[in-house]
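Taken in sequence, the protein lines are chains A and B.
To convert, note that position 112 of the first sequence is 112 in full-length UniProt numbering; the numbers rise steadily by one, no gaps.
To convert, note that position 58 of the second sequence is 58 in full-length UniProt numbering; the numbers rise steadily by one, no gaps.
Glycine included, every Cβ here is placed at the ideal spot set by N, Cα and C.
Every value quoted in this text rests on a predicted model; they were computed, and no experiment measured them.
One structure is given here, and the rest of the page talks about it.
Protein chains: 2
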Amino acid sequence: MTETRVLDDLLCFDLYSLSRMVTALYRPVLEPHGLTYPQYLVLVSLTRLGTCSIGDIGRATRLDHGTLTPLLRRLADRGLLTLDRSAADARSVTVSLTPDGEALRPVFHEAQCHLGESLGMTEQQVRRLQTTLHQLAEHLDNPA
Amino acid sequence: MTETRVLDDLLCFDLYSLSRMVTALYRPVLEPHGLTYPQYLVLVSLTRLGTCSIGDIGRATRLDHGTLTPLLRRLADRGLLTLDRSAADARSVTVSLTPDGEALRPVFHEAQCHLGESLGMTEQQVRRLQTTLHQLAEHLDNPA
DNA sequence: AAAGAGTATCTTGTGCACAACTATCTTGTA
DNA sequence: TACAAGATAGTTGTGCACAAGATACTCTTT
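Written out as structure tokens, the structure reads:
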């Protein structure tokens, strides 16, 4: 039993530590463009969602509003996206990629390629690990 | 191929996101004691290592010195540990748990138990996932 | 003894993570 | 219409993550 508890503890540390190691893998590709990993996540989700609200981005990235507000402002200040209060619903802020932001798509692709090479895993291994992580995340979201 | 790249991308996001979800699981147990998850990691590694240097803790937790220095100072200010420059090697700072720090051991155990219940995984599932994460971390440390 | 390499730690600065609180707006209900 | 409930964002404050540069020390080599 104690053994299991120690394993649980280690598992969580492994997730925590490996997550930061993987984030570091992106750095050599993203930093030359002045981007951080969370900024990369936000921009990629924007390219997939298209123009959307801050709340939409938060759901896609699981990032808090308190994280997204300053992050989006920094990206808007650099001209990569625009933030406009919605005319239809004045509570909502609409986020859109600018042409400068769209121009970063090749960088996102490069980052993905770089990561694929760095992982050193087969596609099957990646799928299997991903399934495990998804199941765990699902369980934590809905412990039902 | 593009498919694989998307998988890689998602895998990394899953790690990043799941890591924060698991950290959040610790919060209900740690917060009443005024502890954060990184502080918990440092204190647990101290209970396992015994008195040691800041560098030892950094290797155990994979935390940067710039993270550890203020973190340790906060814990020292609260009387949970002591920081003393080593007499033998004046470069090194020795970290020791105080009795107040030792008294938190039951909290660490409670956190582990809480997490074990929250994960909803069998011991075998935990072991398997952990093995995968260890292999990946090892590969990233030594891409040889 | 003195210089240089290597190590351990600290300092500073930017950005993210998250909690608590506030302001504003929409919608359902009376 | 008016109001309470709930949602959407913003603001503020603390702590962590990490890079870059500074400081101080040890050890080896000369």
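Show which residues of chain A have a CB atom less than 9 angstroms away from the CB atom of residue i.
i: threonine 67 of chain B; result: Residues of chain A passing the Cβ test: none, with the nearest at roughly 10 angstroms.
i: cysteine 52 of chain B; result: In chain order: nothing, as chain A lies at least about 17 angstroms away.
Is it buried or exposed for residue i, if we count other Cβ within 10 angstroms and need 16 for buried?
i: threonine 2 of chain A; result: Because threonine 2 of chain A carries a pLDDT of 37, less than 50, the predicted location of this residue cannot be relied on, and the following value inherits that uncertainty. Exposed, by the Cβ-count rule.
i: serine 45 of chain B; result: buried
i: alanine 88 of chain A; result: exposed
i: tyrosine 16 of chain A; result: buried
i: threonine 47 of chain B; result: exposed
i: glutamine 112 of chain B; result: buried
i: threonine 61 of chain A; result: buried
i: glycine 120 of chain B; result: exposed
i: aspartate 64 of chain A; result: exposed
i: arginine 85 of chain A; result: exposed
i: aspartate 77 of chain B; result: exposed
i: glycine 66 of chain A; result: exposed
i: aspartate 141 of chain A; result: exposed
i: methionine 9 of chain A; result: It should be noted that the sequence gives aspartate, not methionine, for residue 9 of chain A. Aspartate 9 of chain A is buried by the Cβ-count criterion.
i: glycine 79 of chain A; result: exposed
Measure how close the beta-carbons of residue i and residue j come, nearest whole angstrom, since I'm counting them as under 8 angstroms.
i: leucine 36 of chain B; j: leucine 30 of chain B; result: The question names leucine, but residue 36 of chain B in the sequence shown is threonine. About 7 angstroms; that satisfies the 8 angstroms criterion.
i: aspartate 14 of chain B; j: alanine 137 of chain A; result: 7 angstroms
i: threonine 98 of chain B; j: serine 53 of chain B; result: Contact doesn't hold; Cβ gap of about 17 angstroms is too wide.
i: proline 32 of chain B; j: leucine 71 of chain B; result: Going by Cβ atoms, the distance from proline 32 of chain B to leucine 71 of chain B rounds to 19 angstroms, so no, they are not a contact pair.
In chain B, what lies closer than 9 angstroms to residue i by C-beta?
i: serine 96 of chain A; result: None at all; the shortest Cβ gap to chain B is about 22 angstroms.
i: leucine 71 of chain A; result: What leucine 71 of chain A touches in chain B: nothing, since even the nearest Cβ is about 14 angstroms away.
Please list the partners that residue i has in chain B, where partner means a Cβ-to-Cβ separation under 7 angstroms.
i: alanine 90 of chain A; result: What alanine 90 of chain A touches in chain B: nothing, since even the nearest Cβ is about 31 angstroms away.
i: histidine 33 of chain A; result: None at all; the shortest Cβ gap to chain B is about 17 angstroms.
Using a Cβ cut-off of 7 angstroms, pull out every chain A residue sitting near residue i, in sequence order please.
i: glycine 55 of chain B; result: Correct list: empty, because the minimum Cβ distance to chain A is about 17 angstroms.
Residues of chain B with CB closer than 8 angstroms to the CB of residue i, please, in chain order.
i: threonine 41 of chain A; result: Note on identity: in this sequence residue 41 of chain A is leucine, with threonine being the wrong assignment. What leucine 41 of chain A touches in chain B: Phe13, Tyr16.
i: arginine 27 of chain A; result: Within 8 angstroms Cβ-Cβ: nothing; arginine 27 of chain A doesn't reach chain B, min ~12 angstroms.
Can you check the UniProt domain "HTH marR-type" (8–138) of chain A for any beta strand (DSSP E) of at least 3 residues that lies completely inside it and give the ranges in chain order?
-> Whole beta strand (DSSP E) segments, 3+ residues: 81–85, 93–97.
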